[in-house]
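Heads up: the structure comes next, in structure tokens.
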Amino acid sequence: MKGRSARLFTVATMAETDAESVKTESQAGEEPLQYLSELSIEQLEILTRDTRDAVSILNAETEMLEKFHNRLDPKDLVPPPTTDAGLSTLDFSQMRTRRRSKSRGQIPERLLSLTVDQKCELVQKELEESKEESQRNEEMAEKDLQSLKATVEEAEFRSTDIKKSKYEFERDIGKAAISIKKGAGVSPDKVIRYMEEKMRAKDSLVDKLRLKNASLKVQKKKMRMQVKQKEEMGEVLHEVDFQQLKIENAQFLERIDERNQDLLQLKLTAGDTLLVLNHFKKKLNTTMTESTHLDKEIFMRKDMLQRIELEALLVEQDREKAERLNKKLRKQLHDYRVPEVFKYIQEKTDQEDLEKSIRVWERKVEIAELSLKTHRRTWEQLKASSQIQLYGQQQGML
1 MKGRSARLFT VATMAETDAE SVKTESQAGE EPLQYLSELS IEQLEILTRD TRDAVSILNA
61 ETEMLEKFHN RLDPKDLVPP PTTDAGLSTL DFSQMRTRRR SKSRGQIPER LLSLTVDQKC
121 ELVQKELEES KEESQRNEEM AEKDLQSLKA TVEEAEFRST DIKKSKYEFE RDIGKAAISI
181 KKGAGVSPDK VIRYMEEKMR AKDSLVDKLR LKNASLKVQK KKMRMQVKQK EEMGEVLHEV
241 DFQQLKIENA QFLERIDERN QDLLQLKLTA GDTLLVLNHF KKKLNTTMTE STHLDKEIFM
301 RKDMLQRIEL EALLVEQDRE KAERLNKKLR KQLHDYRVPE VFKYIQEKTD QEDLEKSIRV
361 WERKVEIAEL SLKTHRRTWE QLKASSQIQL YGQQQGML
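Residues 1 to 398, numbered by full-length UniProt numbering, are exactly what the sequence shown covers, in order.
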């Protein structure tokens, strides 16, 4: 930082020297274009390079002055009464950017310059401000680093918690779900009970952390009231007590932040758990629907299998019957002998005679049946008339 202050002081001095030289040359030469035309190309290049360096130095000085001017309070910009001593070391209200004429050939009427003391004071203030800004940047970087560390720790904690929940779920529910292939599926009530137990555990932990957070807030409020009472009573806190209070306050703030982080973590975990629960509920409903469909299909397949087995049994019985008939026919075919022609004619004649006799006997049977019916009617009539006569005799005797 010392090297920077010396460098700034050197820059300011060189800028002042260049400004004075430019002013002298501008006042001495009434015709600058004629003066430049007398120079050679090498001299013009050297002059251009020197002018660029001077402009760069003036830009650095102007930037430093603008920063310093922007940091000044409005009350510091009020000019003090004019004295014979000229500019005061603390009067920077006249430090303005140099005005330039709009015309190309005119030279500024008045060029203001800073004294060596003013430059030293300005550089010292800029150095102090740079130190403070560097310290602020370091503090902000440290805060950002702590925040990033906390975020990483929170992510690691969440990852560990998710892995643990996944392991427990696979251990308690996943194995039962895998056993569906063996014929026994997981019960929906078991999954719901598992999720409800997890949610109750999370709610219990959230309540505990909420109570602890509330107690810490009450304790913090009491500490603030005590500090306020001491300030009102005029008690002067020693440096050691103040540092102790700052340490305790920082510790309490850290605890509150930890509890808030835990509460936030639990809320996030609860949200993730609900999402997982909804996912598994949907998956469970889908699995139950598929299971019902598979049960129906299995029942239909079993019924179809029974019918096929019964049909196969009947077909087997028919096949056995057909085989037996086939064997019988084959045997008959094997044992069959063609009769002689005369014997065949004789048997055919006997058959015709038998058929004729059958027809004759059938005719005789029909005639006998008609005669029987006639005799039955006659018998019925005789029986009825005899009963009437018997009834009349009985009536006459009475």
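Glycine included, each C-beta is placed from N, C-alpha and C at the ideal position.
Check: Between the C-alpha atoms of V123 and T51, what's the straight-line distance to the nearest angstrom?
Finding: Within the sequence shown, residue 123 is the residue found at index 123, counting from 1. Within the sequence shown, residue 51 is the residue found at index 51, counting from 1. T51 has its alpha-carbon roughly 24 Å from the corresponding atom of V123.
Next item on the list: Could you pull out every residue in the same chain whose Cβ sits closer than 8 Å to the Cβ of K343, ignoring the five residues on either side in sequence?
Entry: By one-based count along the sequence shown, residue 343 stands at place 343. Take K343, set aside five residues on each side of it, and no residue of its chain has a beta-carbon closer than 8 Å to its own.
Checklist line | Three-state secondary structure assigned by DSSP to P80 | finding: Position 80 of the sequence shown, counted from the start, is the residue given in the question as residue 80. Confidence at P80 is low in this model, with a pLDDT of 48, below 50, so the placement of that residue should be treated as unreliable; the coordinate-derived value is given next. Secondary structure of P80 (DSSP, three-state): coil.
Margin query: Taking a contact to mean a Cβ-Cβ separation below 8 Å, would you say Q261 touches E129 in this structure?
Written below: The residue you call residue 261 lines up with position 261 of the sequence shown. The residue you call residue 129 lines up with position 129 of the sequence shown. Cβ atoms of Q261 and E129: not closer than 8 Å.
Check: Helix or strand or just coil, what does DSSP make of S40?
Finding: Position 40 of the sequence shown, counted from the start, is the residue given in the question as residue 40. Correct three-state label for S40: coil.
Item checked: Length of the line joining the Cα atoms of residue 454 and L313 -> In this structure the chain extends from 1 to 398, so residue 454 is not present and cannot be described.
Notebook entry, point to check: In whole angstroms, what is the alpha-carbon distance linking S101 and E45?
Noted result: As a working mapping, residue 101 is identified with position 101 in the sequence shown. As a working mapping, residue 45 is identified with position 45 in the sequence shown. Low confidence applies to S101: its pLDDT is 39, below 50, so where it sits in the model is not reliable enough to give any reading.
Next item on the list: Quick one: give me the first and last residue of the alpha helix (DSSP H) that I173 is part of.
Entry: Start at 1 with the first residue of the sequence shown, and residue 173 comes out as number 173. Premise fails: I173 is in no alpha helix (DSSP H) and is neither H nor E.
Notebook entry, point to check: On the three-state DSSP scale, how would you describe D91?
Noted result: On the sequence shown, residue 91 is found 91 positions in, with the first residue counted as 1. The predicted position of D91 is uncertain, since its pLDDT is 43 and thus under 50; a value taken from the coordinates is nonetheless stated next. Coil, per DSSP.
Note to self: Assess contact between the segment 214–230 and the segment 266–281, defined as three or more Cβ pairs (one per stretch) separated by less than 8 Å. Is contact present?
What the structure shows: Cβ pair count under 8 Å is below three, so no.
Item checked: C-alpha distance - I41 paired with A54, whole-angstrom precision -> Numbered from 1 along the sequence shown, position 41 holds the residue referred to as residue 41. Numbered from 1 along the sequence shown, position 54 holds the residue referred to as residue 54. Whole-angstrom Cα-Cα distance: 20 Å.
Item checked: Cβ shell of N70 (< 6 Å), same chain only, five flanking positions each side left out -> As a working note, residue 70 is residue 70 in the sequence shown. Taken in chain order, the list of residues that qualify is empty.
Checklist line | Distance between L390 and R363 (C-alpha atoms, nearest Å) | finding: As a working note, residue 363 is residue 363 in the sequence shown. As a working note, residue 390 is residue 390 in the sequence shown. Roughly 41 Å between the two C-alpha positions.
Item checked: Euclidean distance between Cα positions of N213 and M223 -> What you label residue 213 is simply residue 213 of the sequence shown in a count that begins at 1. What you label residue 223 is simply residue 223 of the sequence shown in a count that begins at 1. Computed Cα separation, rounded: 15 Å.
Checklist line | Rounded distance between the beta-carbons of F252 and V191, thought under 8 Å | finding: Taking the first residue of the sequence shown as position 1, residue 191 is located at position 191. Taking the first residue of the sequence shown as position 1, residue 252 is located at position 252. At roughly 42 Å, the Cβ-Cβ gap does not stay under 8 Å, so V191 and F252 are not in contact.
Next item on the list: Give me the Cα-Cα distance between T62 and E138, rounded to the nearest whole angstrom.
Entry: Residue mapping note: residue 62 aligns to position 62 of the sequence shown, counting from 1. Residue mapping note: residue 138 aligns to position 138 of the sequence shown, counting from 1. Those two C-alpha atoms are separated by around 27 Å.
Notebook entry, point to check: Between the beta-carbon of V206 and the beta-carbon of L263, is there less than 8 Å?
Noted result: Taking the first residue of the sequence shown as position 1, residue 206 is located at position 206. Taking the first residue of the sequence shown as position 1, residue 263 is located at position 263. Yes; because the gap between Cβ atoms is below 8 Å, this pair is in contact.
Checklist line | Backbone CA spacing between E231 and K143 [nearest angstrom] | finding: As a working note, residue 231 is residue 231 in the sequence shown. As a working note, residue 143 is residue 143 in the sequence shown. Cα to Cα, E231 sits roughly 30 Å from K143.
Notebook entry, point to check: Helix, strand or coil: how does DSSP classify L72 here?
Noted result: Here residue 72 is taken as the residue at index 72 of the sequence shown, counted from 1. Coil at L72, not helix or strand.
Next item on the list: Answer yes or no: do T273 and K208 have a C-beta to C-beta separation smaller than 8 Å?
Entry: Within the sequence shown, residue 273 is the residue found at index 273, counting from 1. Within the sequence shown, residue 208 is the residue found at index 208, counting from 1. No, they are not a contact pair.
Check: Given a threshold of 16 other Cβ atoms within 10 Å of its Cβ, counted over all protein chains shown, does M300 qualify as buried or as exposed?
Finding: In the sequence shown, residue 300 corresponds to position 300, counting from 1. Per the 10 Å Cβ criterion, exposed.
Note to self: I need the DSSP call for T115, collapsed to helix, strand or coil.
What the structure shows: For the purposes of this step, residue 115 is taken as residue 115 along the sequence shown, with counting starting at 1. Note: T115 maps to coil in three-state DSSP.
Notebook entry, point to check: What separation, rounded to the nearest whole angstrom, lies between the Cα atoms of E254 and I247?
Noted result: Counted from its first residue, the sequence shown places residue 254 at position 254. Counted from its first residue, the sequence shown places residue 247 at position 247. In a straight line, the C-alpha of E254 is about 10 Å away from that of I247.
Checklist line | E132 - DSSP class collapsed to helix/strand/coil | finding: In the sequence shown, the residue the question calls residue 132 occupies position 132. Collapsing the DSSP output to three states places E132 in a helix.
Check: So which of L127, D117, N249 has the shortest CA-CA distance to K67?
Finding: On the sequence shown, residue 67 is found 67 positions in, with the first residue counted as 1. For K67, the closest alpha carbon among the candidates L127, D117, N249 is that of L127.
Item checked: Check whether L47 and L58 have beta carbons under 8 Å apart -> Taking the first residue of the sequence shown as position 1, residue 47 is located at position 47. Taking the first residue of the sequence shown as position 1, residue 58 is located at position 58. No, the pair does not count as a contact, with Cβ atoms beyond the cut-off.
Notebook entry, point to check: Going by the beta-carbon positions, is the gap between P188 and L284 smaller than 8 Å?
Noted result: As a first step, residue 188 is located in the sequence shown; it is residue number 188 there, counting from the start. As a first step, residue 284 is located in the sequence shown; it is residue number 284 there, counting from the start. Cβ distance < 8 Å, so P188 and L284 count as in contact.
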